[in-house]
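A.B. asks: Residue numbers for the sequence shown follow my numbering, so the first one is 24 and each next one is one higher.
Here's a structure for you.
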Amino acid sequence: VEVLDQLAGFRDEHRDLWDRWFDPRLLELPIFRFEGKAEPPPAVIKLARSAKGNERPAKQIDAVRWCVIAAGLAGVDRMAKLRGKRADDIFDYRYCDLLVLDEASQINLPEAIMGALALKDDGQVIVIGDHRQMPPIVQNDWEREVRRTFVQFKSYESLFLTLRDLLPGDHQIRFQESFRVHADIAEFLRQQIYHQDRIDYFSRKRDVLPHIETDDDFVAAVLRPEHPLTVIVHEEMASQQRNTFEQALMQPVLETLARAGFDAQTGLGVVVPHTAQRAALRSEIPVLTEIDSETGLIVRSAVDTVERFQGAERTAIVVGATESDPIYILANSTFLLDPRRLNVAISRAKQKLVLVGSRSIFDLFATDEEVFASAQLWKNLLEETCTQRLWEGERLGIAVQVWGNQPASV
């Protein structure tokens with residue numbers, strides 16, 4: 024919908040170019056989407072998840088010549104099943120001329136095949152992804168699998184990595200510019216992550232948070248708009264998958280943002296590594312969650328795990344490390360310290376990134392070379408980027424510091 028709005032604006036501003044290069048029917052494309060928890064924009068046509076009492080999705084799609092369909096990979100399979108009565112009907116309904124697979128670093132090969140069921144024999148596939156972000160979620164340690172077939176075919180790997188290694192360079196396009204994150208956030212990601220791929224990652228975005236009035240000096244320091252990157256360092260060092268102290272640090276910040284009009288849909292996001300911390304934040308900080316008044320179910324929540332947040336964006340993102348027990352962090356280092364996890368969390372923020380973490384993470388010393396390298400991203404955020412002290416004191420009797428990057432040129 025946003026793309027169509029932008030195309031309409033382009034048409035109005037550049038009529039000559041529009042008439043020369045664009046098909047005017049683009050602006051009339053129907054957009055379909057399977058029903059979800061949230062209502063789609065008015066311009067989007069809902070496809071029913073169940074055939075009972077509803078028009079079959081395939082019939083709605085077949086009624087138009089061209090359209091755009093937004094669906095998860097399971098939605099493609101569901102659409103085919105709703106179309107026919109036989110199990111093998113899913114192989115017969117090929118309606119897709121162009122298949123775009125977004126967030127392909129999280130899609131494994133079997134899932135990609137399921138999505139490709141809808142593709143015509145002469146159809147085109149565009150795969151979009153970032154191998155520096157989270158891979159598919161797997162239950163087994165396939166890298167150490169002894170059975171040759173799994174090692175050889177690597178069906179557990181991401182579609183993006185598989186195609187990147189198979190396709191020649193002229194079939195690949197490498198993007199450099201971010202149209203989401205603030206320029207200061209992009210510069211940190213360029214220096215610490217994307218230089219490894221010789222990608223000169225950058226952003227022209229300079230919008231920052233508005234000034235938000237508060238009587239709490241700690242919260243005021245955290246939300247200073249001239250510091251798009253902010254780190255809250257604390258001395259609590261005993262938590263594993265649940266951290267009540269970090270919750271207490273985040274709560275006044277989140278409530279202040281909520282009172283300023285930042286909502287769970289576009290304004291405010293909270294990223295945590297563990298479901299236990301997610302559940303506690305949802306339960307104990309009501310401003311983070313929208314509840315259906317009739318069913319009592321969660322309609323939308325501002326807080327989720329890194330895996331669930333990939334692909335999303337918010338004006339302000341608060342990242343909670345949760346883990347603070349040094350022994351637990353070392354034992355679980357491939358989880359929390361995975362650079363892809365922190366990259367996803369940081370790159371969700373459009374104007375403000377607040378990271379909350381224990382001193383034990385930033386001071387972590389590991390003899391294992393891989394763990395040591397993974398920890399450097401956390402260390403460099405504090406020691407090389409967020410070097411300006413904005414506040415220092417105690418919260419609930421525990422020492423806390425707030426650090427910000429050098430003031431942005433607004």
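Even for Gly, the Cβ is constructed at its ideal location relative to N, Cα and C.
Every value quoted in this text rests on a predicted model; they were computed, and no experiment measured them.
How would you label E269, buried or exposed, when you count the other beta carbons within 10 angstroms and need 16 or more for buried?
C.D. replies: Per the 10 Å Cβ criterion, buried.
A.B. asks: Just how far apart, CA to CA, sit Q274 and D115?
C.D. replies: When rounded, the distance between both Cα atoms is 52 Å.
A.B. asks: Can you give the Cα-Cα distance for D120 and E62, rounded to whole angstroms?
C.D. replies: Their backbone Cα atoms lie some 27 Å apart in a straight line.
A.B. asks: Determine whether the beta carbon atoms of L122 and I130 lie at a separation below 8 Å.
C.D. replies: No. Outside cutoff.
A.B. asks: With a cut-off of 8 Å on the beta carbons, I'd call R337 and G290 a contact; round off their distance for me.
C.D. replies: With a Cβ gap of about 6 Å, R337 and G290 count as contacting.
A.B. asks: Taking Cβ to Cβ, would you say R48 is nearer than 8 Å to W41?
C.D. replies: No, these two residues do not count as a Cβ contact at 8 Å.
A.B. asks: Using three-state DSSP, classify T312 as helix, strand or coil.
C.D. replies: In this structure, T312 counts as strand in the three-state DSSP scheme.
A.B. asks: Using a Cβ-Cβ cutoff of less than 6 Å, which residues in the same chain neighbour F422 once the five nearest sequence positions on both sides are dropped?
C.D. replies: Per the sequence shown, residue 422 should be read as Ala rather than Phe. The answer, listed in chain order, is E258.
A.B. asks: My parser needs the beta strand (DSSP E) runs of 3 or more residues fully inside the region 50-106; what are they?
C.D. replies: List check, beta strand (DSSP E) in window: 54-57, 67-70, 91-93.
A.B. asks: Which two residues bound the contiguous alpha helix (DSSP H) that contains R305?
C.D. replies: Run containing R305: 298-307, per the alpha helix (DSSP H) assignment.
A.B. asks: For the candidate residues A86, R56, R203, V150, whose alpha-carbon lies nearest to that of L376?
C.D. replies: Checked all of A86, R56, R203, V150; the closest Cα to L376 is R203.
A.B. asks: Quick check on DSSP: helix, strand or coil for R331?
C.D. replies: Correct three-state label for R331: helix.
A.B. asks: Assuming E255 and V367 are in contact, meaning their beta carbons sit under 8 Å apart, how far apart are those beta carbons, in whole angstroms?
C.D. replies: The residue asked about is misnamed: residue 255 is Ile in this sequence, not Glu. I255 to V367, Cβ: 19 Å. No contact.
A.B. asks: Per DSSP, what are the beta-bridge partners of N131 in this structure?
C.D. replies: In DSSP, N131 forms a bridge with S181.
A.B. asks: What residues in its chain sit with their C-beta under 7 Å from that of E126, if we drop five residues either side in the sequence?
C.D. replies: If we look at E126 and ignore the five residues flanking it on each side, its Cβ neighbours are G152, Q333, G334.
A.B. asks: For V148, which residues of its own chain have a beta-carbon under 6 Å away from its beta-carbon, when the five flanking residues on both sides are left out?
C.D. replies: Correct list, in chain order: L122.
A.B. asks: Look up D193 in the DSSP assignment and say whether it is helix, strand or coil.
C.D. replies: Note: D193 maps to helix in three-state DSSP.
A.B. asks: Could you compute how far the alpha carbon of F173 sits from the alpha carbon of E180?
C.D. replies: Residue confidence is low: F173 scores 49 on pLDDT, short of 50, so the model does not pin down where it sits. Its coordinate-derived value is still stated next. Those two C-alpha atoms are separated by around 10 Å.
A.B. asks: Flag this pair as touching only if the region 135-145 and the region 340-357 have three or more C-beta atom pairs under 8 Å; answer yes or no.
C.D. replies: The region 135-145 is not in contact with the region 340-357.
A.B. asks: Given a cut-off of 8 Å on the beta-carbon distance, is the pair P65 and C90 in contact?
C.D. replies: Result no, Cβ atoms of P65 and C90 do not sit closer than 8 Å.
A.B. asks: Near Q263, which residues of its chain fall below 7 Å by C-beta distance, leaving aside the five closest residues on each side in sequence?
C.D. replies: Within the same chain, Q263 has close Cβ partners E346, D348, Y351.
A.B. asks: Look at the Cβ atom of M251, then the Cβ atom of H205, and state whether they are nearer than 8 Å.
C.D. replies: The amino acid occupying residue 251 in the given sequence is Pro; Met does not appear at that position. A contact, by the Cβ cut-off of 8 Å.
A.B. asks: Hey, S356 and S306 are a contact pair by Cβ (cut 8 Å); roughly how many whole angstroms apart?
C.D. replies: About 29 Å separates the two Cβ atoms, so there is no contact after all.
A.B. asks: So Q147 is in the beta strand (DSSP E); what residue range does that whole segment cover?
C.D. replies: Element bounds for Q147: 142-150.
A.B. asks: Using 8 Å for Cβ pairs, my map puts R187 next to I222. What's the rounded Cβ distance?
C.D. replies: The Cβ separation is near 13 Å, so there is no contact.
A.B. asks: First and last residue of the beta strand (DSSP E) that includes G427?
C.D. replies: Element bounds for G427: 421-427.
A.B. asks: Just verifying my parser: in three-state terms, what is the DSSP assignment at R418?
C.D. replies: The answer is strand: DSSP assigns R418 an E or B state.
A.B. asks: Could you check whether L140 and D85 sit closer than 8 Å to each other, using their CB atoms as the reference points?
C.D. replies: No, these two residues do not count as a Cβ contact at 8 Å.
A.B. asks: Pick out whichever of F241, A31, K228, T253 has its Cα sitting closest to the Cα of I369.
C.D. replies: The shortest Cα separation from I369 among F241, A31, K228, T253 belongs to T253.
A.B. asks: Cutting at 8 Å between CB atoms, please list the residues of its own chain near T312, excluding the five before and the five after it.
C.D. replies: Cβ within range, chain order: A287, R305, I321, R323, S324, A325, V326.
A.B. asks: Applying the criterion that 16 or more other CB atoms from any shown protein chain within 10 Å of the CB defines a buried residue, is Q215 buried or exposed?
C.D. replies: So Q215 ends up on the buried side.
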